[in-house]
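Note that full-length UniProt numbering gives residue 123 to position 123 of the sequence shown, counting from 1, and the numbers run on in steps of one. Positions of the beta carbon are idealized from the N, C-alpha and C atoms, including for glycine.
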Amino acid sequence: MAQNNQIYQDLMRNNSEGRFLFNPAPFRKLRPGSLGYFDHTGTFIEITNILEPGRPQRDGFSAFRSPLATEPPRARDWKAKHSASVQSQHARVTGGLSAAGAGAPIDASAEVKNKREASGQAALITPCELVEERIDGPFTTVVKEWVLGNGKTLMGSVHREKIKTQGLWIVGVTYVTAECAMKLTAGSSREIDVGLDLAVTGIGKAGFGTGWSEKLDSENWEVHRATEEDQGLVVAFAGAKYEVRMFSGLKSTPLKETDITQTIAFPEPRVIRDENGNVTDVQLVDAQDIPSEESEFECECDMAGLSEDQIAAEKAYAKQQEDRKNVLKWELIEIAKMENGEEKRAVLNRLLGYDDAQYWLTMFE
């Protein structure tokens, strides 16, 4: 199943919505904010959902304090999606599609023959409207910060080996339907009769009559229906994949003598909280005194699951966030240097008044 899932995803890459799943996932387990991985069967394993209030803490992680939210759901009417890596296409309809528009069962006897150089063809049919749900705005940078902050917990969990080999997905967009059918046919450099008539020969005009799923099932399509517990089936999603690695300690590559330069370790600001979690002070800490586990992990983000426009927005936001973090760092350093207690508290309170202050201050704990 996992191999079919990968082949299906590769063939459906021409569709801009993201990654298509040959093994549809229940929406209750794969939704915007879901953090997890795909196992050897192609099933998504959710570790936590950072957008669900209190969920990260219940799952043993720190709270996700970034003010991310989801956009209002949108209806989408796809009818059919198919792979377009086709060199030539010949479709022959032998009848029955017009009857389907009148409420009769769809006759899937129309044939599609494709001669192509890539291997295989894929198609998805969604007889009812889909629901698109997505995170509002860029999200990969703030999620990366959270992943790094929880690296020790993640890489010490039962999911450690899978995270190392499969990577860690954050789901940003989902496309959900109540029922669907998909087909995957493998082949290479030959004419393939795949029976994908519904995907490419006018499904929008024909419509869906009663018994459509039974007919497709008899034509060896994979037919899926959501249960009430599923809350819908995710047939495609977009997101980002993180590669989380643990540093091995000291750098193994020795420096040449000419590469050795003297560096100055600037003090780092650290916020101090009381027993209730309220920020009460800012102090300066020498860089070498910062516990090693804080820099024990590194994380790379692969945004291949997002569109070009989304990737551009994510990169612009990442630059904006980095600039904001640097400005805040120097503001905190200046506050920490203040000797007048009342003045220091007044400036700190003013900083805490910003809407996103609590999120940013978690980076300096």
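With DSSP collapsed to three states, give me the class of W78.
In the structure shown, W78 falls within a coil segment according to DSSP collapsed to helix, strand and coil.
Cβ neighbours of M12 in the same chain (closer than 6 Å, five flanking residues each side left out):
Result list for M12: F20, S83 and A122, in chain order.
How is the alpha helix (DSSP H) around V147 delimited, first residue to last?
Where V147 is concerned, the enclosing alpha helix (DSSP H) stretches over T140 to G149.
How big is the Cα-Cα spacing for W330 and Q321?
Those two C-alpha atoms are separated by around 14 Å.
Does A69 pass the burial test, meaning 16 or more other C-beta atoms within 10 Å, or should it be called exposed?
Around the beta carbon of A69, fewer than 16 other beta carbons sit within 10 angstroms, so the residue counts as exposed.
Buried or exposed: which applies to N49, given that a residue is buried once 16 or more other Cβ atoms fall within 10 Å of its Cβ?
Buried, because 16 or more other Cβ atoms sit within 10 Å of the Cβ of N49.
Take the Cβ of S62 as the centre, count every other Cβ of all protein chains shown within 10 Å, and call the residue buried at 16 or more, exposed below.
By the Cβ neighbour-count rule, S62 is exposed, with fewer than 16 other Cβ atoms within 10 Å of its own.
Element boundaries [beta strand (DSSP E), containing E300]
Element bounds for E300: F297 to D302.
Determine the burial state of Y8: buried for a count of at least 16 other Cβ atoms within 10 Å of its Cβ, exposed for fewer.
Classification of Y8: buried, given that the 10 Å Cβ count is 16 or more.
When we look at the beta-carbon of N150 and count the other beta-carbons within 10 Å, is it buried (16 or more) or exposed?
So N150 counts as buried.
Starting from P269, follow the beta strand (DSSP E) in both directions and report where the run begins and ends.
E268 to R273 is the extent of the beta strand (DSSP E) around P269.
Indicate whether L332 and V279 have their beta-carbon atoms separated by less than 7 Å.
The beta carbons of L332 and V279 sit no closer together than 7 Å.
Among residues of its own chain, excluding the 5 on either side of P32, which ones have a beta-carbon nearer than 8 Å to its beta-carbon?
Within the same chain, P32 has close Cβ partners L51, T70, E133, R134, I135, V171, G172, V173 and T174.
What separation, rounded to the nearest whole angstrom, lies between the Cα atoms of F27 and E342?
F27 and E342 have their alpha carbons spaced roughly 52 Å apart.
Residues in its own chain within less than 6 Å of P138 by CB, not counting five upstream and five downstream?
Annotation for P138: A313, E314 and Y317 place their beta carbon closer than 6 Å to its own, counting only its chain and skipping 5 residues before and after.
Identify the residues that DSSP records as bridge partners of T41: which are they?
For T41, which the question treats as bridged, DSSP gives no partner whatsoever.
Quick one: using the 10 Å Cβ neighbour count with 16 as the cut-off for buried, is G232 buried or exposed?
G232 is buried by the Cβ-count criterion.
Which residues mark the beginning and the end of the beta strand (DSSP E) in which W169 is found?
From DSSP, the beta strand (DSSP E) with W169 extends over L168 to T177.
Which residue's Cα is closest to the Cα of N15: I45, L306 and R74?
Each of I45, L306 and R74 was checked against the Cα of N15, and the nearest Cα belongs to L306.
Just how far apart, CA to CA, sit K144 and V176?
Between K144 and V176, the alpha-carbon positions lie close to 26 Å from each other.
Could you please give the first and the last residue of the uninterrupted beta strand (DSSP E) stretch that includes N23?
Note, N23: beta strand (DSSP E), R19 to P26.
Beta-carbon spacing of R55, T362 below 7 Å
No, they are not a contact pair.
Do V285 and R273 have their C-beta atoms closer together than 7 Å?
No, the pair does not count as a contact, with Cβ atoms beyond the cut-off.
Minimum C-alpha distance to N23 - residue among E17, T41 and K29:
Answer by Cα proximity: T41.
Beta-carbon proximity check, K241 vs D302, cutoff 7 Å:
At a Cβ-Cβ threshold of 7 Å, K241 and D302 count as neighbours.
Using DSSP bridges, identify the partner residues of G36.
Its beta-bridge partners are E46 and W169.
Leaving out five residues on either side along the sequence, give the residues of the same chain with a beta carbon under 6 Å from the beta carbon of D356.
Around D356: no qualifying Cβ.
Looking at the structure shown, is A226 part of a helix, part of a strand, or coil, going by DSSP?
If DSSP states are grouped into helix, strand and coil, A226 belongs with coil.
Name the residue from I47, V131, K79 and I45 whose alpha carbon lies nearest to the alpha carbon of P72.
It is V131.
Quick check: F44 and L35, are their CB atoms within less than 7 Å of each other?
It is not a contact, given that the beta carbons lie outside the stated cut-off.
The alpha helix (DSSP H) spanning Q358 covers which residue range?
For Q358, the enclosing alpha helix (DSSP H) starts and ends at A357 to L361.
Contact belief for G18 with A178 at Cβ below 8 Å, rounded distance in angstroms
About 19 Å separates the CB atoms of G18 and A178; that is not less than 8 Å, and the two are not in contact.
So the alpha helix (DSSP H) V327 belongs to, where does it begin and stop?
Start and end: E308 to K337.
Which one or two residues does DSSP pair with L233 in a beta bridge?
L233 has P26 and T177 as its beta-bridge partners, per DSSP.
Rounded to a whole number of angstroms, what is the C-alpha to C-alpha distance between M155 and E219?
The C-alpha of E219 is placed about 45 Å away from the C-alpha of M155.
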